[in-house]
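Before any comments, here is the structure.
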Amino acid sequence: MKPNEKIKNLRELNDWSQEKMAEKMQMSKNGYARLERGESKMSLERLAQIADIFGLDIIELLTKDYERAIFLVNGQSTAEGNINYYSNNELELFSLQSEIEKLKLIITHKNELLAQKDKEIELLKKMNKQGNLSLED
Numbered sequence: 007m008k009p010n011e012k013i014k015n016l017r018e019l020n021d022w023s024q025e026k027m028a029e030k031m032q033m034s035k036n037g038y039a040r041l042e043r044g045e046s047k048m049s050l051e052r053l054a055q056i057a058d059i060f061g062l063d064i065i066e067l068l069t070k071d072y073e074r075a076i077f078l079v080n081g082q083s084t085a086e087g088n089i090n091y092y093s094n095n096e097l098e099l100f101s102l103q104s105e106i107e108k109l110k111l112i113i114t115h116k117n118e119l120l121a122q123k124d125k126e127i128e129l130l131k132k133m134n135k136q137g138n139l140s141l142e143d
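In this text, residue positions in the sequence shown follow our numbering: the first is 7, and each later residue adds one.
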């Protein structure tokens with residue numbers, strides 16, 4: 007199922023009109039309708055906004071649901087595992103790249119928090135040595 011089809015299904019499951027969905031996305035009804043019909047390309051930001059509205063991860067909107075093709079290797083169909091499974095590689099690659107970027111941002115943020123924590127600990131140690139800090143409750 008394509009992302010625009012998933013979005014339409016999710017909207018209908020929530021019993022929302024296209025107008026209500028357009029309101030939630032702060033865009034025109036016609037603009038939203040074009041997105042839902044697949045007539046307009048959706049930016050990553052729009053997909054993230056839609057995923058947020060439905061409480062989903064953006065990857066869930068991007069991945070196809072079990073749409074896989076089976077190809078035989080060397081034309082053989084033996085039971086020794088000569089069947090390879092291929093899927094829409096471009097979409098999966100894009101999804102994985104998006105997930106990697108998201109995880110990199112999370113790691114960067116956590117590293118910044120750790121560095122800030124270390125600075126605060128050092129400052130507290132210095133203050134404690136100078137007698138400027140009371141550790142009593």
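Glycine residues also receive a C-beta, built at the ideal position from the N, C-alpha and C atoms. In this text the structure is predicted, and so the values were computed from the model without any measurement.
Between the Cα of Leu100 and the Cα atoms of Glu128, Leu109, Leu68, which residue gives the shortest distance? Stepping through the sequence shown from its first residue, residue 100 is reached at position 94. Per the sequence presented here, residue 100 reads as Phe, with Leu not at that position. Residue Leu68 is the option with its Cα nearest to Phe100.
Considering only the beta carbon of each residue, do Ile64 and Ser104 sit closer than 9 Å? Position 58 of the sequence shown, counting from 1, holds the residue named residue 64. Position 98 of the sequence shown, counting from 1, holds the residue named residue 104. The answer is yes: Cβ separation under 9 Å.
For a test of the three-state rule: what should DSSP assign to Glu45, helix, strand or coil? Looking up residue 45 in the sequence shown gives position 39. In the three-state scheme derived from DSSP, where H, G and I count as helix and E and B as strand, Glu45 is classed as coil.
Flag this pair as yes or no: are the beta carbons of Glu42 and Asn10 separated by less than 9 Å? Mapped onto the sequence shown, residue 42 falls at position 36. Mapped onto the sequence shown, residue 10 falls at position 4. A contact, by the Cβ cut-off of 9 Å.
Go ahead and label Ala28 buried or exposed: buried means 16 or more other beta carbons lie within 10 angstroms of its beta carbon, across all protein chains shown. Translated into the one-based positions of the sequence shown, residue 28 becomes position 22. Ala28 should be labelled buried.
CB-CB length for Lys35 against Gln24, believed under 8 Å: Within the sequence shown, the letter at position 29 stands for residue 35. Within the sequence shown, the letter at position 18 stands for residue 24. About 6 Å separates the two Cβ atoms, so the contact holds.
Span of the alpha helix (DSSP H), counted from its first residue to its last, around Lys8: The residue you call residue 8 lines up with position 2 of the sequence shown. Per DSSP, Lys8 is not a residue of any alpha helix (DSSP H), being assigned neither H nor E.
Can you tell me whether Glu73 is helix, strand or coil according to DSSP? Position 67 of the sequence shown holds residue 73. Caution is warranted here: a pLDDT of 41 is assigned to Glu73, below 50, making its placement in the model unreliable, and the coordinate value is therefore given only provisionally. If DSSP states are grouped into helix, strand and coil, Glu73 belongs with coil.
For Ile106 and Ile113, I'd like the C-alpha separation in whole angstroms. Residue mapping note: residue 106 aligns to position 100 of the sequence shown, counting from 1. Residue mapping note: residue 113 aligns to position 107 of the sequence shown, counting from 1. Straight-line Cα distance between these residues: approximately 10 Å.
Delimiting residues of the alpha helix (DSSP H) encompassing Gln24: Within the sequence shown, numbered from 1, the residue matching residue 24 stands at position 18. Its alpha helix (DSSP H) spans residues 24 to 30.
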